[in-house]
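What follows is a single structure, written as structure tokens, with notes after it.
Number of protein chains: 4
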Amino acid sequence: MSRLKLGMVGGGQGAFIGGVHRIAARIDGKWDLVAGALSSNPERAAASAVELGIAPDRSYGSYEEMALAEAARTDGIDAVAIVTPNHVHAGPAIAFLNAGIHVICDKPLAATPEQAEAIRAAVAASDARFFLTHNYTGYPLMRQARAMVARGDLGKLRVIQAEYAQDWLAEETSNKQADWRTDPAQSGAGAIGDIGTHAYNLLSFVSGLRTEALMADLQSFVDGRRVDDNAHIMLRMQGGARGMLWASQVAVGNENSLKLRIYGDKGGLEWAQENPNVMTLTRFGEPKQLITRGGAGLGEGAAGGTRIPPGHPEGYLEGFANLYSDAADVIAGRGEATHLPGIEAGLDGMWFISACQQSSSANGAWVSR
Amino acid sequence: MSRLKLGMVGGGQGAFIGGVHRIAARIDGKWDLVAGALSSNPERAAASAVELGIAPDRSYGSYEEMALAEAARTDGIDAVAIVTPNHVHAGPAIAFLNAGIHVICDKPLAATPEQAEAIRAAVAASDARFFLTHNYTGYPLMRQARAMVARGDLGKLRVIQAEYAQDWLAEETSNKQADWRTDPAQSGAGAIGDIGTHAYNLLSFVSGLRTEALMADLQSFVDGRRVDDNAHIMLRMQGGARGMLWASQVAVGNENSLKLRIYGDKGGLEWAQENPNVMTLTRFGEPKQLITRGGAGLGEGAAGGTRIPPGHPEGYLEGFANLYSDAADVIAGRGEATHLPGIEAGLDGMWFISACQQSSSANGAWVSR
Amino acid sequence: MSRLKLGMVGGGQGAFIGGVHRIAARIDGKWDLVAGALSSNPERAAASAVELGIAPDRSYGSYEEMALAEAARTDGIDAVAIVTPNHVHAGPAIAFLNAGIHVICDKPLAATPEQAEAIRAAVAASDARFFLTHNYTGYPLMRQARAMVARGDLGKLRVIQAEYAQDWLAEETSNKQADWRTDPAQSGAGAIGDIGTHAYNLLSFVSGLRTEALMADLQSFVDGRRVDDNAHIMLRMQGGARGMLWASQVAVGNENSLKLRIYGDKGGLEWAQENPNVMTLTRFGEPKQLITRGGAGLGEGAAGGTRIPPGHPEGYLEGFANLYSDAADVIAGRGEATHLPGIEAGLDGMWFISACQQSSSANGAWVSR
Amino acid sequence: MSRLKLGMVGGGQGAFIGGVHRIAARIDGKWDLVAGALSSNPERAAASAVELGIAPDRSYGSYEEMALAEAARTDGIDAVAIVTPNHVHAGPAIAFLNAGIHVICDKPLAATPEQAEAIRAAVAASDARFFLTHNYTGYPLMRQARAMVARGDLGKLRVIQAEYAQDWLAEETSNKQADWRTDPAQSGAGAIGDIGTHAYNLLSFVSGLRTEALMADLQSFVDGRRVDDNAHIMLRMQGGARGMLWASQVAVGNENSLKLRIYGDKGGLEWAQENPNVMTLTRFGEPKQLITRGGAGLGEGAAGGTRIPPGHPEGYLEGFANLYSDAADVIAGRGEATHLPGIEAGLDGMWFISACQQSSSANGAWVSR
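What follows is the structure, encoded as structure tokens:
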């Protein structure tokens, strides 16, 4: 099995999520990183390329140049990972899609609806695939939960409780990660974009339900903060299910507390990302069960994304790696993108962000699609 | 220390909460149950009195009769516990208050605002005390949490997450407990009244903050159900704090999952009723701490309501007993009602119920006081 | 249902376990405390009696006097609770047994084998019943576990892991509780007697297996301590099962960490006293289940000792109360002592203590019965 | 930073631990797998090499051939990973050490003391390094625990409780993994070798204490099993600390339940591998703290092995990867083997195995070094 060739836009020295993408791409040995436009700063780009073992002639000064050059090479990259701040997703995504190169893009899709729409159009016009790294869908138990819901283990869904709480922005903070995330021009939104979209994507992924309307009460608790840092959201979903979603970056004591709970008329599922190898399932009237990654009674979906026996924990990086592994299989013609979030998930996330902002501005009025 | 004399209205054979009140009253040995109007059914009332060791001449056919007779006795009861369905709180409460007998009343205060107002007026006109058994405030760690918030351990409060989830009404159910709780004429409300008021009272008790406005999305998921069985609620609180509250009786896998999480600009507290002897405290930037009932670093409030060493769990009944113990002390002139919910908490709960219903009827509009 | 009359030896002001017995006796309303020899100090005895509402003429200066006087009264006590230090169990136990009064005695049975033997003889010679308060057997889930093992849910038992860890004696400590427990003349042993016997009793109760041999490595970590404060013990049980037992009073961070895990060829059970309302059950090859007190799938034994719905935690005092409730039923002729530890359990505990001491003195040689 | 070149002995199709080593080697991008003697079956070796992208001329028929050929190449491998059953560790280890190639060997060191001694001699005679993959030492919190113990956070150590429980061999089982592990000729021991050595190594690593004597009670519960499948062990350690160690492959409901608890006169630490991103620390008299991987208050050791922010769980593979990452750094001259188990740990593990077998054969007599 020969490896696919990966390029990267962003992710140079000092960046965070680029390194995560690189580990995720390496874990299953299906990708080699061979090209990059790693920084808008030329010196940092070059130095970063050396560190990562990228040949100097494939370390580019801009993504535009990179897209053209790589498309022209016979050994050009198969896909590019875009790991820049939100407002620099659309530019490279469109450039690579236009060049016929598959795109693996960090979330949320973009910083503005206009940018999102431009990406959508480019996807529609290109033969290349577009993947969005809503990586929490890569956790085996979340795939298992989706399969359980789909086959009716919970019955008709009624209630969804989703939350993603952190505390790293509880005070005024300045560093590379905080700065762009709290600048509306670069991020487009605060907690709702950075982590709220993950919770929203995950509940949509697992439930299989479309959200028809939402209302939101957004807050900026830290003085001078220009984006939301806490968000209370209610959801009305297809088929009558209702949900609550809480996203916060000021909830002291929470590191990355992403939790999902789903209840139907026959059963309930509960899962927390911080200990992702276990999930509880209750069939109404029976004792609660602990479903473990790789343990007894799991289905195909979960088994596919599991590398080691149950009791040996896999974590965030392995879940992320499942997206890279699956994307490689899709590109190489070895599999279908059953579990992979793409442009539709990205556009849905953009609707979520703008609906939250619109509702909160209107004192919490319901916003329908 | 001689014991106080307790009477009871309701709580005959087949009832639930009456038995809980009796255990709570017995635990600390400060009360003797000596009189009762235990059932509107005369045979059941008499049989129940025999079981409970109440002398036949103090087993009454009606609460009206009981109030008059006990007030006339030189050895009459010191207080009465009212453990009837919600719509039968006002009648006995007013009768005993008018008779100068202290009242310990189950929650919520009443089934209608009119009944609540009548109780309020009776309390105002009487020298007798009125206590409402929002029993979760009796948990030592909830009293500890309240003290920690009050002394500023969490800083300025920002976010409150409260929930009370059960699943016993996930299907259509008929039994003595379910029947009156799902009959709007007897209960006045569904999940919001039966358990939502507990969550609301607890967050108010611990935070010390008044809720200024709320919005609610109420559902009745079970076909034919005439009251809400799931409720999504947002809160805007005094001083800018915001909250979410979820109450459900259809969340499969939840037995009595009452949880409270409070976050301020300096710290966060998290507690769950199902394992009530531990609470987490995080001071921003420090490791999370496990605060145990009776363990290291506790204050007066918690210590006062604790009977046995940490690690030996106390539970629901002991928390409930703290209310009876404190009420005895207040009545006997040995203490102040620092921790005891009374008429104000009851009226606030009634506002909560009616605001939820009003908001939900208005498609989730905010309802202010 | 008229209440039984209880007397108490020990348990005056400053004592600990006496208060626990009194609460346990009150919870279910089956006992009235009417007599006592509460302290060997006459003033403390009298003051304690007043506090507890015991009539002055039934507050005795010695247990000998009390046994004679109560036996002579037509309204004499039905049973006596003995809550003195270990070396003062035999005296009162024998006195009351000889007087035909039922005995509820704290554990361990005695401070020396000779005392234990004397109690045994008195029990054999008396028509009165003898109960030993190994209170952890009163937890509903431990009764449920015993029933599950007995009906074969775990198959043939193989391995038992039991532990009881505390830290309150991690340093040199002097107070009423510590002083007698660390004085070999009063206690007869350290951690193995005070808490090790509880763990040993519980594993015997749940497994239904007799221990045939044990070996022990006892330590006294605190300088100058004259009894063991940490004990490592291995067990060989009837039918080939093997066990380990750890008892410690110096394990920093443990409050009352009593844990029991039992494994057979078909299944495994795990339980921890600090959150006693849940137990896990795994049938080999199936997902782990959470069995809750009062929850789905429980049997008779557990149901009998449960007062409130699952999710509302019961704790240590309720478990203790189950022993008092059952003892009342046995004495009143309403039930059998199916679950109640008696003289046999007491003698087995004494064997455990002496075998541990003998083995440890012999550098860990196996000691058989 | 150019990558080091890795070879592998064993780990062909159908193997388990070889795949784990490969992922661990890939995660941090410091190794390329370029050569292998992947199977003793030539066809399987060749097919496995193709799958792994190893060039045909570097897929060898035997480890002897591979060691010679790779040593002769100018681009020969820097290190070899030995992932064969225990009885095939010594052969390749010695061959590569003799050829001057660094060795990364799976544990335990060997199947017999004679094999272990031969490896020891080869290590002593070679300039090449020898690393043993006791991978649990790679968990950041175990490194943190070691640092905390070393700097005295727990005071003088008293008690260690270690356990490693599984259930996959609870019944008679036949598959590639089970077969060699339960064949004494290939494995040398059962649970004590396969997982007991891990627990023993981990407690030694964290405590920094040498075990001076042990006693063991080994069982083979499954009919016909020729190695131990459950082991109860007591330890006497340097400086007076005492320990218990339980290893089991028949404890139904345990997947990979490796737990370590260490208590000193000032504090206690508790950790469980199945949720490895959190550890509790109690300083005597203070509330228990939750120490998280990457969270507040961590030291250098833990920080060094952490890739992503706290709350995003890292797992077994990342811990394993820390060993590969550190080994690369040592080989490349970028770091010291501070945390890396080597020949000494391997020999200590062999002592542990043989002492357990010797003690158990002697009815649990203490075996000193």
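Residue numbers (this note's numbering), protein chains in the order written: chain A, -7 to 361; chain B, -7 to 361; chain C, -7 to 361; chain D, -7 to 361. Glycine included, C-beta positions come from ideal geometry on N, C-alpha and C.
Taking the beta carbon of Arg234/B as reference, the chain A residues within 8 angstroms of it are Asp209, Gln211, Asn222, His224, listed in sequence order. Taking the CA atoms as reference points, Met207/D sits about 11 angstroms from Ile345/D.
DSSP, reduced to helix, strand and coil, places Tyr52/D outside both helices and strands of the structure shown, so it counts as coil. The shortest CA-to-CA distance from Leu149/D to any of Asn33/C, His13/C, Phe213/C, Tyr52/C is the one to Phe213/C. With at least 16 other beta carbons inside 10 angstroms of its own, Val219/A counts as buried.
Annotation for Asp257/D: Gly147, Lys148, Arg150 place their beta carbon closer than 7 angstroms to its own, counting only its chain and skipping 5 residues before and after.
Here DSSP, grouped into helix, strand and coil, assigns Lys(-3)/B to strand. Distance from the CA of Ile93/C to the CA of Arg217/C, rounded to the nearest whole angstrom, comes to 38 angstroms. Here Arg202/B is exposed, its C-beta having fewer than 16 other C-beta atoms within 10 Å.
With fewer than three CB-CB distances shorter than 8 angstroms, the stretch 272 to 279 of chain A does not count as touching the stretch 95 to 104 of chain A. At a beta-carbon threshold of 7 angstroms, the residues of chain A lying near Pro268/D are Pro305, ordered along the chain.
Nearest to Val12/B by alpha-carbon distance, out of Ser196/B, Asp70/B, Gln136/B, Tyr308/B, is Tyr308/B.
Contact residues of the stretch 62 to 84 of chain D toward chain B are absent (C-beta to C-beta distance below 9 angstroms). Considered as a whole, the stretch 224 to 275 of chain C harbours 234 to 240, 249 to 256, 259 to 264, 270 to 275 as its complete beta strand (DSSP E) runs of no fewer than 3 residues, in chain order.
Taken in chain order, the whole alpha helix (DSSP H) runs of length 4 or more contained in the stretch 299 to 326 of chain B are 308 to 323.
At a Cβ-Cβ threshold of 7 angstroms, Leu252/C and Leu332/C do not count as neighbours. Taking 9 angstroms as the upper bound on Cβ-Cβ separation, chain D lies near no residue of the stretch 33 to 49 of chain C.
If you look at Lys280/D, you'll find it in the beta strand (DSSP E) that goes 280 to 284. Interface with chain A (7 angstroms Cβ-Cβ cutoff): Ala288/C is included.
In terms of Cα proximity to Ser352/D, the closest of Met226/C, Gly231/C, Ala41/C, Asp221/C is Met226/C. When the Cα atoms are used, Glu35/B and Gly21/B turn out to be separated by approximately 29 angstroms.
Taking a Cβ-Cβ threshold of 8 angstroms, none of the residues of chain D is close to Gly3/B; the smallest such distance is about 40 angstroms. Taking Pro268/D as reference, the option from Tyr255/D, Ser51/D, Leu250/D with the minimal CA-CA separation is Leu250/D. The beta carbons of Gly130/D and Phe312/D sit about 6 angstroms from each other, so the pair counts as a contact at 8 angstroms. In this chain, the beta strand (DSSP E) harbouring Val72/A covers 71 to 74. When Ser54/D, Arg65/D, Ala38/D are compared, the shortest CA-CA separation from Pro48/D is found for Ala38/D. Under a criterion of Cβ atoms nearer than 9 angstroms, the residues of chain B adjacent to Gly21/C are, in order, Arg14, Ile15, Arg18, Leu25, Leu44, Gly45.
For Ile96/C, the nearest beta carbon of chain B is not closer than 7 angstroms to its own beta carbon. Counting only Cβ-Cβ distances below 7 angstroms, Gly277/C has contacts in chain A at Ala288, in chain order. Judged by their CB atoms, Gly259/A and Val244/B are nearer to each other than the 7 angstroms cut-off. DSSP, reduced to helix, strand and coil, places Ser360/C within a strand of the structure shown. Going by DSSP, Arg138/C is part of no beta strand (DSSP E) but of the alpha helix (DSSP H) stretching over 132 to 142.
The C-alpha of Met271/D is placed about 40 angstroms away from the C-alpha of Glu336/A. In the DSSP assignment, Gly28/A is bridged to Met0/A, Ser51/A. Of the candidates Ala108/A, Trp358/A, Gly4/A, Gly4/A places its Cα closest to the Cα of Ile46/A. Nearest Cα to Ala17/B within the set Ile184/B, Ser360/B, Tyr316/B, Gly325/B: Tyr316/B.
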